[in-house]
Each structure stands twice: as C-alpha cells, then as structure tokens.
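Undergrad: Counting from 1, position 524 in the sequence shown corresponds to residue 1034 in the working numbering; the numbering is continuous, with no gaps.
Built from N, CA and C at the ideal position, the CB exists for glycine as well.
Since we're looking at a predicted model, the values are computed, not measured.
Supplied in structure tokens, the structure appears directly below.
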Amino acid sequence: MDKMPEDIRNYLMEAHQLAGQWSLPNNRGNHTNSKSIPLKSVSVIGGGTMGRGIAMAFSLAGFETILVELNQQAVENCRKELEITYAREKTFKRLNDSKIEKLRNTLQITTDFQKLKNCDLMSSVLSDRTKVVGIHFFNPANLIRMVEVIYGSYTSSEAVATAFEACRAIKKLPVLVGNCPAFVFNRLLGVYLNQSQKLMYEYGYLPHQVDKIITNFGFLMGPLTVADMNGLDVMEKLKKENGWPASDFEKEVWRQKRYGRKTNKGYYKYDPKTHKKEVDMEMEQLIEKFSKQSRPNIQILSDQDAVNFLLYPMFNEGLLCIEEGIIDHENLIDIMFILGFGWPVSTGGPMMFGHQQGIEKVANTLILWSSLEPTNRIYKIMDKVPEEVRNYLMEAHQLAGQWSLPNNRGDHTNSEATEINSVAIIGSGTMGKAMAICFCLAGLDTFLVVRSEQKCLKELESMYATEKAFKRLNDARIEKIKSKLRITTDLEKLNDADLVIESVFEDLKLKKELFTKLEKICKSSCIFGTNTSSFNLDDISNVLKDPSRLVGLHFFNPANVIRLVEVVYGSKTSSTAIATAFEACETIKKLPVLVGNCPSFVFNRLLHVYFNQSQKLMYEYGYLPHQIDKIITNFGFLMGPLTVADMTGFDVMEKLKKENGIEPNELEKEMWRQKRYGRKTNKGFYKYDEKTQRKEVDSEMEQMIRHFSQNAKPNIQILNDQDLINFMLYPTINEGFLCIEEGVISHESLIDIMFILGFGWPIHTGGPMRFGKTEGIEKVANTLIHWNSLEPNDHVYMVANKFKNVDKKNMSSKL
C-alpha cells in the first residue's frame, strides 16, 4: 500500500473496524443485537459483467450459486462470457485450473426461477420489504473488495446482518450507508467526474491532460479513462432518472453515442480488436468548440489548482453525506475510495486529504467558488463550520427522529406508521402545488384537489419553468411529476388515499367544513394533515369523530426547496398519526421536528419576535429597511428580515395578528391601510419593479419611518451594529427557552436545526439557541432582565426561567 505513514495505516485500520460496528437509525438494530440468516445457497439474477463477477465471488467462497437469466440464449451467452473471463483471469494469475474447475462445478446457470425457492440470499423484489437490502458491488465484482450495504426505511437488522455476513464470507469489506440517489460512493464519484468534465468544456483541458495531472497526483487511472471504462451511458441513465442537470457538452457526447470502450469511442477512441486507447482528434475538436464559448469564473492556473478543483467539492460532498446521516463517519468514506477506486493510499482518502489541506483553506476556497457560481450546488458548503457545531447539528438531526408524545401516548420506538401509497393535497396555492411536487418526485401517486383544473395546470407549467431556470427541475423530473400527479376538483376521488393534507386558505370555518366532508369520504385508516401555520389543532380536530387521526404538517415556503417540516400534535393526536407524518416527511427527504400545539407553533413564534424587533428598529429608532438588512446579512444571514417579510407577504402577518387578537403597532396599521403587502403588491418595506420584481429603496416608506420615529422615545439604547443584532436576536433566543419551559419542544438543538434548515440562520453560529450560549447565558440574561425593567409591559422581554435563575450580581457592570 505505497509507502504508507503509520498514522494513515492506523487510521485505515480503525476504519476497517468501524465498518463492522454498524447501526440502523431509530433503534432498529445494530451489529451487537442482530443475527444473520445462515447462508448455504445464493442466487444472482442477471448475468451481465457485474452479475457474473458477483456469482464467481460466491461460488469461489464455497456457496451453492445459481445465476438466473431470462432466456436460453442469454444462458448460452453467459456461459461463453464466463469462459472468456476465466481465460483472462488465468492470464492475470488471479485464477488457476482448480479454481476454474470449482466454478464450473458449483455455478449453475438457469432460466428456471423455481430453483430459487430454497435460496438463502437472492437479488429480487419481495413482498416483505424488511428483507430487502441493497448490496452494491463494485466493478469488477470478483476483484474489488468493497461493498456498500444500503438500508431502506423498511430494511430489517436481520437483512443487514445477513448482507454483512455474506460480504465477509466472500472476503469483501461491507460499509453501511443510507438510502439516497447514487448512495455515497457514486454520489462523490459523480462530483469528481462532473468536475473533470468542466475542466474540458469550460477550460479547454484535453482528456489526456486531465488524466495525467491526476495520475501524477497518485491515482491509478485518470477520471476520463475511468469514465470510458465504466461507460458514459451509465452516467446518462443516472442523470436522467434522478433529474440531475447535464451540461450541453455531456448531451452532445451522449448524442454521438460516445459511451466509452463499449462503443469504441468516448473521451478517447479504442481499437475494436485490442481495445488500445488512443487520443481522439474529433473529441478534442468538440472540447475546443465548447471551451471557446465558455467564460469560467474560477481561475485555474496550475496543476495543483486543477487537482483542488476536482477534489475539494468531492470532500464537501462527503461532509454533506455525513450531515444528512447517510453514512456515519469520514473514515468509512476514505476506506471505500481506497478499496473501491484506487485513491492514493498515501493521502488516507478524500476526507483525510481535505483535513490535511486544512478545513479553513478548503472552506474558504469553496465559499469563494460558491460566490462566483452561486447556482452550482456542489460548491455549497456549511460556511466555515467548526467541528463542534457540525457535531452538534448532526446530533440534533438524530434527536429529531427520537420523538415522544406526552403522557406516555407513544413514541418513535413503539408506534407504527400507516403504509403510504397514495397522498392527496387539497389547495392549489403556491404551498399546495409545491407539496404535491415533493410527493410526486418521491414516486407516490398524488392527488391535487383544486377549484379549477385549467388554472392549476397553467400555474404548474409556470412553476416548472421557474424551477427549471433555477436548475432544481429538469425535463425528466417534470415528466415524473406529471406521471404521478392527478389534478381534480372532486373530493370523492380521495376515498382510497392513505394521507390527506389540507393547504387551503387560513380560515378556521373552511378547514372545519373540509375535514367534516373528508371523514365521510376517506377510509378509516387515512391520516389527516393540516398545513395550518396558526390555528389551534384541537379547534380543527373537534369536528372529527376520530380526532386522533389529525396531525399538523407545517411545511415552509417554498415547500419543494426547504427541507424542514414542523409536525404538530394536538391533545388527541395519536402516535400512529405522528409516526405516519414522520414517515411521509422522510419519504420526501424532509426533516420532521415534533412540536406542541400553541399559537404559531415554534418556528413562527420565534420568527414573529425577530420580525417585531426589526420593525421596532424602524418606528422607534429610525433605522431604514436597507440599513437593518445590511447589518443582518453582514452578520451571516442569507437575507435581511425586511426582505424576507416582503417575500413572505405582509398580509400574512396582518391576518395572523387580527385572528389571534394581537395588537399591531402604528407602522403596521399604516402599511396595511396602504396595502403594502410586499412583492405581491409591488410595495412593502421596499418597492418592486412590476415586470422584473427588482427590489429598490422606497422613498415613501422611508418618509413614513421618519414620521413615526421622530416622536418615539425608546428606553433601550442602541449605539452600534452589535447592539442592533443583540436587540433582534436576544429576545428570539429568550422565546426559544420559553417554548422549552412550556413543553412545546423537547430540546434547544431542535430549534437550532429548524432555523438553519428553514430560515438560513448563519450556520457557523449553530443556530439561535447555540448562539445565545456562545454569547454567554449570563450576558444574555442580564441584558434581557435590564430590558424587561425598562419595558415591563412588552411581552418579548418577559424573561424565561433559564435567564431568571442566572446570578444577577454585578449586573450593571456587565451591561
């Protein structure tokens, strides 16, 4: 393994041990408490290159192995290809005559599926989903020692244990990974290969130049040689099926059927008889054509720059996989790439390479690239996130799944979800359509109940065009949505739905009438969800004969982009309803967080404090919208509060305050009177160009602010930008602790991950609650207690017990 430093050898040995210490999420089992099925016979269905390699591995390990093909011709072809493989492997001295004879005697090839009835392990689709586990071998399967073992939402620990036992029996290293597009290995590999293509069509590098730079770095083969070996049609299929964007260069390569060695031309050309690789002048002309039209934003001045351009985004993708809970540890990614790809072992793997380069250096480089190419997903990194913050948020992600209802009403360990095959969304507003898109993309049959089918279809086409422009949808994904979406005006069609979510206008009477009708139409096992952001759940559920089936599913706008959902329980909500809500959210790749039933729930409750404080800065202190927004974005927020308010729509706040009897301030009243509702009316805190929606400073708004602030006599001093930040954030933190004390949410880290995923809170701070602790609980407490003494009637300074209990001595010296 090259000339490996001792620390790297120890690191990889630890990774090897760690791979065996697997654990399924949500306490579904682990390596210590799960038994595998005893294996004697194995079947492999499909006798292609990979299938033959897998069958050979099991056969050589002494298993009865059955290789199944669809017809007799395929059987004959398979036998022929196996003999060619035996001859080649003998030439390379990886097989000898006795091993070949063993293969011929123990490996059966058949078309008869009946022969599989006694098999212990097979590749098949089963009615019992707990027995299905992904076993992703690497090509050539008889040589590469690496296997990804993939668990789905139903995979049992017994299935995983059996997969691990099978892999060890054939001398493979199994690594457990979660279920996501391309899993882990190919997900990182896809980034690496995409970057190598960019070097060609954006920068004019030729295939042999890219490959030489990478092999000089220590790789066994360059990325474009690897791509030609794997087959570029594999990437074409993967991108189309997952709706991933393809470059125009890729599309042209596919159009010309340049699929690599299998078609004798790819990034190189190949002799049809010897498969000898040669430079392809036509390919080089194609690269020249595309690169001449390109204006890349990122500078590449040296070979090291090119290496970083390929490997830094790959390192970032690995961190994203860990953050998403797809794989447990960085060194598992490293050992996968060393065993499965020929990564230079001296570097320890892609993740260790990133750490050797320096997290700060890699982060700053990616942040710069992200600013130059803001729409490119692979340059998105969690800013410059300290490791302790990253670990904190990962723990919060896990904690979110460990939900529990009060009074022993059920929890994640003892509650079963209703099986979801069909979903219905009621309401054709922006939120309803976006929610429907999420479920369609997850492969679920989805009804969208609307008032006008034609109007909805027109609005959906406009939405598809917008999402396509932002590269969040492509033609394949749009076709998938259309194939799964059923638009109707008829509630009666929901009689067989497993989950129905209403997203109609925020009108309590309307929602009650709707659920009264639904209870008569839908089957008794159907779970009802409401996307209300403000109403008491019990006020809605009291019209139901069985109120236990209603659960709050509060999506965030835009629902097809934001990964967070508040799952809200009422006094009667059952654990089955909660389990089903969690299952639904996880199916559409959202993070569900359980919260209790209170006005505005948790997220909006904190958000209202944040927005109210931003308004006070205007009507009490005379700050202008662009000044507040600039200070907040300089702190690290993606957008300032007043830009967000204009996007959300200020009429939402008007309706919420009126319905909940909350007294608005004078500035709000005047804005509502003038119909200053934000972008939707082309004026709010800013004004907006009617055609382009471009945001501009509004002199009329500024005059209004000056009018209200000139007579104000605020009691709290704000002398600088930091004072302004504290004025907005300290009361928000306080509201979070009040929610915890009231039992509305179980842990402060859940509030933090909600605001990072749902609001773009500066991730390096760890979220509002962690930011408060970083500031110092005593400092925040003393500040809030002082403000409360100055403004005793203002609810937002009503100090949480967390802060009341802090030692107050020397308070004045700390302010």
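Check T1343 in the structure and name its three-state DSSP category.
TA: Residue 1343 is absent from the model: the chain starts at 511 and stops at 1325.
Undergrad: Let me know the secondary structure DSSP gives M1264 once reduced to three states.
TA: Helix, per DSSP.
Undergrad: Would L1024 and F1045 qualify as a contact pair, given that the criterion is a beta-carbon distance under 8 Å?
TA: No; because the gap between Cβ atoms is not below 8 Å, this pair is not in contact.
Undergrad: Using three-state DSSP, classify N540 as helix, strand or coil.
TA: Strand at N540.
Undergrad: Quick one: grab the DSSP three-state call for Y711.
TA: Correct three-state label for Y711: helix.
Undergrad: Is G454 helix, strand or coil by DSSP?
TA: Residue coverage of the chain in this structure runs from 511 to 1325, which leaves residue 454 outside it and unanswerable.
Undergrad: Among the candidates E1301, K1126, S804, whose CA atom is the shortest distance from the CA of R1216?
TA: Here the closest residue by C-alpha is K1126.
Undergrad: Contact between the segment 572–579 and the segment 540–558: three or more CB pairs below 8 Å?
TA: Enough Cβ pairs lie closer than 8 Å, so yes.
Undergrad: Would you report the Cα separation of I480 and M566, rounded to the nearest angstrom?
TA: For the chain, the structure presents residues 511 to 1325; residue 480 sits outside this window and is missing.
Undergrad: From which residue to which residue does the beta strand (DSSP E) around M656 run?
TA: Element bounds for M656: 656–660.
Undergrad: So H646 is in the beta strand (DSSP E); what residue range does that whole segment cover?
TA: Per DSSP, H646 belongs to the beta strand (DSSP E) from 644–647.
Undergrad: Identify, in the order they occur along the chain, each residue of the same chain with its Cβ nearer than 6 Å to the Cβ of V1290, setting aside the five sequence neighbours on each side.
TA: Same-chain partners within the cutoff: Y1240, G1282.
Undergrad: Count the other CB atoms, across all protein chains shown, that sit within 10 Å of the CB of L1148; report buried if there are 16 or more and exposed otherwise.
TA: So L1148 counts as exposed.
Undergrad: Mapping the DSSP letters down to three states, classify Q814 as helix, strand or coil.
TA: Q814 falls in the helix class under three-state DSSP.
Undergrad: Scan the segment 753–809 and note each continuous alpha helix (DSSP H) run of 4 residues or more that stays entirely inside, going in chain order.
TA: The qualifying runs are 758–765, 791–802.
Undergrad: What does the alpha-carbon distance come out to for the pair P1151 and L1063?
TA: Cα to Cα, P1151 sits roughly 24 Å from L1063.
Undergrad: What residues match up with P684 in a beta bridge as DSSP calls it?
TA: According to DSSP, P684 bridges with V657.
Undergrad: Rounded to a whole number of angstroms, what is the C-alpha to C-alpha distance between K1003 and Y664?
TA: Roughly 29 Å between the two C-alpha positions.
Undergrad: Between E524 and I660, what straight-line distance do the alpha-carbon atoms span, to the nearest angstrom?
TA: Taking the straight line joining both Cα atoms gives about 21 Å.
Undergrad: Using 8 Å as the cut-off, can you tell me whether the segment 533–549 makes contact with the segment 610–628, which would need three or more C-beta pairs spanning the two stretches below that distance?
TA: No: fewer than three Cβ pairs fall under 8 Å.
Undergrad: In the DSSP assignment, the alpha helix (DSSP H) including E574 goes from what residue to what residue?
TA: Counting along the chain, E574 falls outside any alpha helix (DSSP H), though it belongs to the beta strand (DSSP E) covering 574–578.
Undergrad: Using only the alpha-carbon positions, how far apart do R987 and G1270 sit?
TA: Each residue's alpha carbon lies about 26 Å from the other.
Undergrad: What does a CB cutoff of less than 7 Å around D1161 pick up in its chain, not counting 5 residues either side in sequence?
TA: Only Y1187 meet the Cβ criterion.
Undergrad: Would you report the Cα separation of L653 and L605, rounded to the nearest angstrom?
TA: In a straight line, the C-alpha of L653 is about 11 Å away from that of L605.
Undergrad: Do G563 and Y902 have their C-beta atoms closer together than 8 Å?
TA: No, the Cβ-Cβ distance between G563 and Y902 is not below 8 Å.
Undergrad: Just to confirm before moving on: does the CB-CB distance between M945 and F1066 stay below 8 Å?
TA: It is not a contact, given that the beta carbons lie outside the stated cut-off.
Undergrad: Roughly how many angstroms separate the alpha carbons of K747 and W764, rounded to a whole number?
TA: Taking the straight line from one Cα to the other gives about 10 Å.
Undergrad: Go through its chain and collect everything with a Cβ distance to N628's Cβ below 8 Å, but skip five positions before and after it.
TA: Cβ within range, chain order: S551.
Undergrad: Between which two residues does the beta strand (DSSP E) carrying E1076 extend?
TA: E1076 -> beta strand (DSSP E) spans 1074–1078.
Undergrad: Taking the runs of the alpha helix (DSSP H) that are 4 residues or longer, which of them lie wholly in the segment 1032–1057?
TA: With a minimum length of 4 residues, the continuous alpha helix (DSSP H) runs that stay inside the segment 1032–1057 are 1047–1051.
Undergrad: Assuming V1105 and V1254 form a contact by the criterion Cβ under 8 Å, report the distance between their Cβ atoms to the nearest whole angstrom.
TA: Contact flag correct, Cβ pair sits at about 6 Å.
Undergrad: Taking contact to mean at least 3 C-beta pairs separated by less than 8 Å, is the segment 1235–1251 in contact with the segment 1293–1304?
TA: Flag = yes, the segment 1235–1251 and the segment 1293–1304 touch.
Undergrad: With distances taken Cα to Cα, identify the nearest neighbour of V1010 among E929, T976, L1074.
TA: That would be E929, whose Cα lies nearest to the Cα of V1010.
Undergrad: Assign A565 to one of three DSSP states: helix, strand, or coil.
TA: In this structure, A565 counts as helix in the three-state DSSP scheme.
Undergrad: If you follow the beta strand (DSSP E) that T998 is in, where does it begin and where does it stop?
TA: That run of the beta strand (DSSP E) goes 995–998.
Undergrad: Sort out for me which residues DSSP pairs S551 with in a bridge.
TA: Answer is E574.
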